[in-house]
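Numbering (our numbering), first residue to last: 190 to 1267.
Encoded as structure tokens, the structure appears first; notes follow it.
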Amino acid sequence: MSLIESYVLRIKPALEVFLRSPSVSNLKTLQNELEKSNWIYMSLFDAQVLIPLVLKLDELSNDDQDLRTACLECITMVVSKTYLKQLSALRTVLVVTLKQIRHWPQTSIRPDLSEEIKVAAIKCIIACLKRSTSDVLEQFYSKECIVILGQTLLTLVEFIEYAKYKQLVIIALECLMVVFYVYDDADQMDVVMRNQVANTLFIFLPKVVTVLYKLALGDEKLNEIIKVISIKALGRILTVIFEETTENLIHVRHDAAAFKELLASALSNKMNGHHSMLNKLAAKNVSARPEVQLKELQNEGRSQVWIQVSSSKLYFIFKAMVILRSHTSRRIRGEYANMCCLLMRRCAHNLTDNIIIILESVLALTEDVDFSIRSLCRRSIDEMQNTYGIKELFDESADLLFEAHLTKMPRIISRCDDNEQFAEFSFIKGFFNSLTPKKLYSVLTVPRHMEIFCACLLDALALQISFDFLEDEDEYILNRISSNFDFESRPQLFWRKFKNLTSMRCVSILQSICGILGRTEILNQLLMDYLMEMLTHNDEAMNEIILMTLWLGTIEEKPIHSNKLNLVSQFIEELLNDRHWCLALEPDNLEHIHTDKLANWLVERTPGLYESGIEIRTQDIDSDDEAEESSSHFVTATDAQYNVLHTCMILDALGHCALKLGEKFDIYIFRSLHKILIKIADKNEMVARAAMFALTSIQKALKFLDLPSLIETHIDYIGYHLNIALKRTPTNKAAIDIITVLLHFSSRNSIPYLENVFEIIYEQFSESQNNVHCNTYLKVFKAFLFYVSKWLLDCDLEIAKNLEIPGNNGIYKENEENIAKYWLNMISDTFSRETTTDSKNCKLVNDNIVCPPGLNSTCNTPTDNCLPKHLEMVKTILYQVAKTLTTKEHIYQIMSLDCLIIGIPLLKDYDDILLPLAHYMWKPLTEKFRQRNMIIMIRSLSVLVVLADSAKDFITKRALDEVIPLFKVFLENSASHSVKFHSGGTQSYKMQVKLLQEFANLVISLNIDGRHVNEISEIVSSYLSNEQCQELQTAAVNYFIKLHNYNGPLIYLVLLKKAHLKHFHKNVTTIFNEFGLY
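What follows is the structure, encoded as structure tokens:
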């Protein structure tokens, strides 16, 4: 079908039907016919289709909205397929379209419009402007069409500002860019057209910019796409209005001197805090009437004065938009970077008052985490430097720019706004990276700059102190912290909590800034000396100084440069200074010591560094007499908190320095390892965790497989310090703490170095039964017993594993003998206290120590089997701790009982040692069951259980006479109480549960006869009632199940008495089922 036939037979009839009877269905029919037509030649008839539709739409202005919406969509489709070649056509379509949504020629939007008709109208405007020829657009962007343009822009701005429908806002923003001829497909090289658009629409800039600015910085709940498009529109509209199109500006675009003058002028205005053009504007007599103001602006045009005044007005908008540098959305940051780069390239000389802010944003975004944003900004900086023929952008104006930021940085930090801080810090990072090392050194060596900048960094890194720092742990920290704990991850550094920084990205960028300074030759040493001097004078920001110095010396550069190595070494020397390791970590009544007098690491209490710093600054005269008078104050809670944080930071820094140095840290092991071990044993959890981090870091730095390997390799260093400490101050707690930690991490290879240490501990413990250090000695004994038990278990497992190896059936006995001999030799050599030369003549035969006939033997049995030396050690410890059972201090009693629980099983196979010990400790042990302290009673019951399992019949009669009756009375009296109150959280209840759980084991171990078993079982059977707590019922059921094989008939008779009772039937049935009776 030909084009004419298609129009005459199909399109025209459908059009006439719609014009005669306008309806949505008729319009859809017309639209379908138009879509089927060949639009290549349809331009011959576009006027015959478009004009009737536009006129009909004008007639329908007050009719059904759906019909008008469909008509607008049809007009949009027709316009998008052809071109508007006449200005009258463009104006007519725009006016009719605007009349569908506005009261023409009034300035108000029609009420109760659907979102669909609004979107359709805006799409129609977009199509009209895009499909107009260049000649039509040149005529359209003129004073004659200013009313239509104004109504269009006013409509778009209102939709953008007030509409809640997301799609409407997006389409309005796109239309706004079309009106300003800055949409994606617009000819960016058509300078004449862009200049004409700017000269026509500049009078609408204030309202448009304000709306777009508010949208760009709107609430985070606002859709991200809307923000991105608003930033894009704002950047492009500002570019077309302020573009350098005049000949003189195009000439200075490549003039380096003009650009330097521009920067100097902008910085001068920024430092002076005023804008000359604003003064000119204020001096002008601007009429209050908008019509008169509009006419004046049209008459004056887009003059250079207007551009400068508008640039000054835009300063506050650009300043507020700086926050977008730190936005979390990559798309928003990317669009903001595009905006700044575009303005920097095309509008630098017309935005004099804002060029510094724009350059700062581009410079800051060169350090963005996104690669595409970084690349864009770096290319723009390089392009500008090449354009103006300058090597570095800010070298000549660096001092003024840096000083301007130093002025506002304290306020930014104190406001604690994360986005504002990150925006500022990102500029500082980009600024430092943009300067040559020589210039950076020059900027920071100005004393005022150095002082203020370091103060700002320290203020930003200010660390929090809280009462959480004073939390103590009763249980030993090493029982809860694995040596493989991930301490290197930053969230595990619990003590690093910042007052003024709320996000880790700000912390990371500050760390990068310190890294930049640290890799700058000479400057890094200057900064290090400055910070070390502050640290030496006990500055209040000591902890922040340590963190800053750590970042200064350990960030960047792999492998480490020799200059950096010197910095780290200098820092480590300060960290290992004794004054940092002997601080009071809890508030108490101990007095301060003078901070200017070096304290040995063995001293247990020193003042808080914070208070000491104040004391030093307020003292004019220092003498020993006056020192005694001035130091009579106590360690306050604030001091203790500060000291805990300081100790943690010292350990933190030491660990990171070790990781940085790697194997080169080996030279500091002798001076640092024992100090770290002391802190690991500290009851303050925060300090113990920090020490564990330091120890783990050293282990990784020196490439040891695990912590025991590190300890064993340097056990001689530790032993040296221990011996000196104990000889100088035998009751020193620090030395005992080292031993406790050492036992935790050591293996059998470490024992020879501790022999002398334990001899001193024995002597001191026997002399200090009521001393405050008694608890510390008991902890050491408990740790030793535990690890001897563990080592022996490891030996058994090693033997068992060796026996399981295929093909070893013929030699397993020999392997077992070799392993046993090895262990016996190791332990004997370790703990032997016989130092006579005659003992060297003894030899090992079949696992027995045999001496020549002429020598005095230490054997105690007729078979001449000597007690292994490690068990002699156990025996001595158990006799020692048994003495403390009679003390009044409950904590000493508990620790002693814990030692007995661990140690008695180790003597199980040695009756000649165990039975005298049982006799020796029996009376003080039984006295514990007559006390009312249930915690001690529970521990004592555990001791009785292990003693019964080891001593068997030796204590049966004593137990039946002195202990079992007490247990029976306790259970009998407690049964009725637990039924009434169900007090599951009390210590008495826990004793009931423990006794019911262990009574069967006692009966079996002590081989108790039937009468006593019957009495005990009758009492225990009362706990089978379902009125008791479930835990008690379960323990009672297990009691009878355990004794089934021991004395089944008696147990059956006891249970049979309860079987018919309602409250007992369920549990009795359960037991009988276990017996196989049901």
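No residue lacks a Cβ here, since even glycine has one placed at the ideal position from N, Cα and C.
Here the structure is a predicted model, which means the values were calculated and not measured.
Between the alpha carbons of Glu793 and Asp828, how many angstroms are there, rounded? Annotation note: pLDDT 42 at Glu793 (below 50); position unreliable, no value reported.
Measuring CB to CB, does Cys364 end up less than 8 Å from Ile314? yes
Residues bridged to Leu273 by DSSP? Ser321
Leaving out the 5 sequence neighbours to the left and right, which residues in its chain are closer than 7 Å to Leu1185 when beta-carbon positions are compared? Val1209, Tyr1212, Leu1221, Ala1224, Ala1225 and Tyr1228
Please state the DSSP three-state secondary structure of Val824. strand
Determine which residues share a DSSP beta bridge with Phe687 and list them. Leu652
Got a sec? Which residues, its chain only, sit under 8 Å from Leu1069 by beta carbon, not counting five neighbours each side? As written in the sequence, residue 1069 is Gln, which differs from the Leu given in the question. Closer than 8 Å at the Cβ level, and outside the excluded window around Gln1069, lie Tyr951, Phe954, Ser955 and Phe970.
Smallest Cα separation from Gln275: which of Arg299, Val400 and Thr322? Thr322
Reference Glu762; option with closest CA among Leu715, Glu775, Thr825 and Ile858: Ile858
By DSSP's criteria, Ile298 is part of a beta bridge. Which residues make up the other side? Arg291
Exposure of Leu884, with buried meaning 16 or more beta-carbon neighbours within 10 Å: buried
Could you pull out every residue in the same chain whose Cβ sits closer than 7 Å to the Cβ of His903, ignoring the five residues on either side in sequence? Ile858 and Leu862
Touching by the beta-carbon criterion (3+ pairs, under 8 Å), the segment 242 to 255 and the segment 285 to 300: yes
From this set, Val1182, Phe1118, Ser1139 and Ala1164, which residue's C-alpha is nearest Glu1151's C-alpha? Phe1118
Could you check whether Gly1092 and Val1063 sit closer than 8 Å to each other, using their CB atoms as the reference points? yes
Residues near Gly619 by beta carbon distance below 6 Å, same chain, minus five either side: Leu552, Ala553, Thr555 and Glu556
Give a yes or no on whether the C-beta atoms belonging to Asn1203 and Leu1239 are separated by under 8 Å. yes
With the cut-off set at 8 Å, would you say Asn543 and Leu595 are in Cβ contact? no
Within the continuous alpha helix (DSSP H) that includes Pro1238, where are the two ends? Gly1237 to Ala1248
Please state whether DSSP places Asn873 in a helix, a strand or coil. strand
Can you have a look at His769 and say buried or exposed, based on whether 16 or more other CB atoms are within 10 angstroms of its CB? buried
Under the assumption that Thr836 contacts Ala879 (Cβ atoms under 8 Å), give the Cβ distance between them as a whole number of angstroms. 7 Å
For Tyr831, name the three-state secondary structure that DSSP assigns. helix
Drop a sphere of 10 angstroms on the beta-carbon of Gly523, count the other beta-carbons inside from all chains shown, and report buried for 16 or more, exposed for fewer. buried
Contacting residues, own chain, Cβ-Cβ under 7 Å from Lys396 (five flanking each side not counted): Val346
Can you name, in chain order, every residue of its own chain whose Cβ lies under 6 Å from the Cβ of Phe507, other than the five neighbours on each side? Asn543 and Ile546
Across the segment 421 to 437 and the segment 365 to 374, are there enough close Cβ pairs to call them in contact, namely three or more that are closer than 8 Å? yes
Keeping to the same chain, check which residues put their C-beta closer than 8 Å to that of Pro748; ignore five residues upstream and five downstream. Bear in mind that the predicted position of Pro748 carries a pLDDT of just 49, short of 50, making it too unreliable to give a figure here.
Can you tell me the Cα-Cα spacing of Leu204 and Met573, whole angstroms? 58 Å
Kindly indicate which three-state DSSP category Lys979 falls into: helix, strand or coil? helix
If you follow the alpha helix (DSSP H) that Met737 is in, where does it begin and where does it stop? Met731 to Thr743
Are Ile1197 and Leu1149 touching if we call contact CB-CB under 8 Å? yes
Going by beta carbon distance, what residues of the same chain come within less than 7 Å of Ala649, once the five residues before and after it are set aside? Ile602, Asn689, Leu690 and Leu699
At a cut of 8 Å, does the segment 865 to 878 reach the segment 830 to 846 through at least three beta carbon pairs? yes
Since Pro599 is in the alpha helix (DSSP H), which residue starts that stretch and which ends it? Ala587 to Arg604
Where do the N-terminal and C-terminal ends of the alpha helix (DSSP H) with Cys334 fall, by residue? Looking at the DSSP string, Cys334 is not in any alpha helix (DSSP H), and its letter there is neither H nor E.
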